[in-house]
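A short write-up of the structure that comes next.
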Amino acid sequence: MDKLRRVLLVEDNDAHAVLIQRIFEENGSAWSVSRVSTLADAMRFLDENQDSLPDIVIADYRLPDGTGLDLTRGAATPEDVGFPLIILTGVGSERLAVQTMKSGAMDYVVKSSEDLRQLPSTASRILNEWSTLMERRRTEMEIAKYVSDLEADKLNLDEFMDRISHELEEAITTIKETNTRIRKRLSDNIDEEMLNDLYRVESAAERAGMLTDKLFEYLLPLYFDSSLVRLYMQNLEELKSRKEEQT
Numbered sequence: 643m644d645k646l647r648r649v650l651l652v653e654d655n656d657a658h659a660v661l662i663q664r665i666f667e668e669n670g671s672a673w674s675v676s677r678v679s680t681l682a683d684a685m686r687f688l689d690e691n692q693d694s695l696p697d698i699v700i701a702d703y704r705l706p707d708g709t710g711l712d713l714t715r716g717a718a719t720p721e722d723v724g725f726p727l728i729i730l731t732g733v734g735s736e737r738l739a740v741q742t743m744k745s746g747a748m749d750y751v752v753k754s755s756e757d758l759r760q761l762p763s764t765a766s767r768i769l770n771e772w773s774t775l776m777e778r779r780r781t782e783m784e785i786a787k788y789v790s791d792l793e794a795d796k797l798n799l800d801e802f803m804d805r806i807s808h809e810l811e812e813a814i815t816t817i818k819e820t821n822t823r824i825r826k827r828l829s830d831n832i833d834e835e836m837l838n839d840l841y842r843v844e845s846a847a848e849r850a851g852m853l854t855d856k857l858f859e860y861l862l863p864l865y866f867d868s869s870l871v872r873l874y875m876q877n878l879e880e881l882k883s884r885k886e887e888q889t
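Under the working numbering, think of the first position of the sequence shown as 643, with each following residue one higher.
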């Protein structure tokens, strides 16, 4: 069973409203059309139903108290409008078409008999485009979150690495300084074997310091290459592919 698609029709002309509602009814039971006749009523309807907005809004351009484009509330893109909007107009013009697209509405339909008959098909097409836009918006938000998480994790990892590095450096320094003090304290009574042992301890401490530095240099890029960066790049490539397909 098809999901019921809810339409808010904003039309002050009773005859046009009845005709449009009948066209949707004849197209099948998948459409539910609610009608208001003024911009104020439409604004109130949308404000009161923020948690359950209509699937699509179809609004006449000329209304008694404004225009259908006022429903965008100054938004520049359909995503910022928050719902797919189709504008109806009695007379089509290139100026209105450009104004419609720049305002955040997704299409406009001339009130000719043929175009109105195609209104359910036009609405279905716009809903498909809206679904694609929302998917792209979700992907962009996910990528933004990945980048934010990456930056936060990098800061946390940097702090962790700095702390461990500092503690290891202190431990190695303590070993070297203690080794030197022992060698000086026993300088008169130390035999060659013990002296060699102390030199080996000092040499091992030197190597441990160098190996620790190299380990941190290796771990940091390895960590990011194997986790968030790969996921971020994968989502970014998918987003680019979708945009290329749309163009």
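Beta carbons are placed, not taken as given, at the ideal position from N, Cα and C, and that holds for glycine.
- Item | C-alpha gap between Met783 and Gly724, whole angstroms | 15 Å
- What does a CB cutoff of less than 7 Å around His658 pick up in its chain, not counting 5 residues either side in sequence? Lys753
- Runs of alpha helix (DSSP H) wholly within the segment 682-710 (minimum 4 residues, chain order): none
- Query: Opposite Ile729 in the DSSP bridges: which residues?
  - Reply: Ala701 and Tyr750
- Message: Can you look up Arg823 in the DSSP assignment and give me helix, strand or coil?
- Response: helix
- Tell me whether Ala718 is buried or exposed, calling it buried when 16 or more other Cβ atoms sit within 10 Å of its Cβ. exposed
- Nonlocal neighbours in the same chain, by C-beta distance under 8 Å from Ile768, ignoring five residues either side: Ile698, Pro726, Ile728, Met748 and Asp749
- Task: Please say whether Gln663 and Leu651 have beta carbons closer to each other than 8 Å?
- Result: yes
- Query: In whole angstroms, what is the alpha-carbon distance linking Leu646 and Pro762?
  - Reply: 13 Å
- According to the Cβ coordinates, are Pro696 and Leu775 closer than 8 Å? no
- Thinking just about the alpha-carbon of each residue, which of Ile665, Arg715, Gly746 and Arg849 is nearest to the one in Ser755? Ile665
- Anyone know if the C-beta pair for Leu711 and Ser745 falls short of 8 Å? yes
- With a 10 Å radius around its C-beta and 16 neighbouring C-beta atoms as the bar for buried, classify Asp693 as buried or exposed. exposed
- Would DSSP call Arg842 helix, strand or coil? helix
- List the whole-angstrom C-beta distance separating Ala701 from Leu713, where the pair is believed to meet the contact cut-off of C-beta under 8 Å. 6 Å
- Can you name the start and end residues of the alpha helix (DSSP H) that Arg715 belongs to? Looking at the DSSP string, Arg715 is not in any alpha helix (DSSP H), and its letter there is neither H nor E.
- Cut-off 6 Å between Cβ atoms - residues of its own chain near Glu835, not counting five sequence neighbours on either side: none
- Query: Among Glu848, Arg737 and Arg779, which residue has its Cα nearest to the Cα of Ala813?
  - Reply: Glu848
- How far does the beta strand (DSSP E) with Leu651 in it reach, from first residue to last? Arg647 to Val652
- Item | Per-residue DSSP class, three states only, for Asp679 | As written in the sequence, residue 679 is Ser, which differs from the Asp given in the question. Coil at Ser679, not helix or strand.
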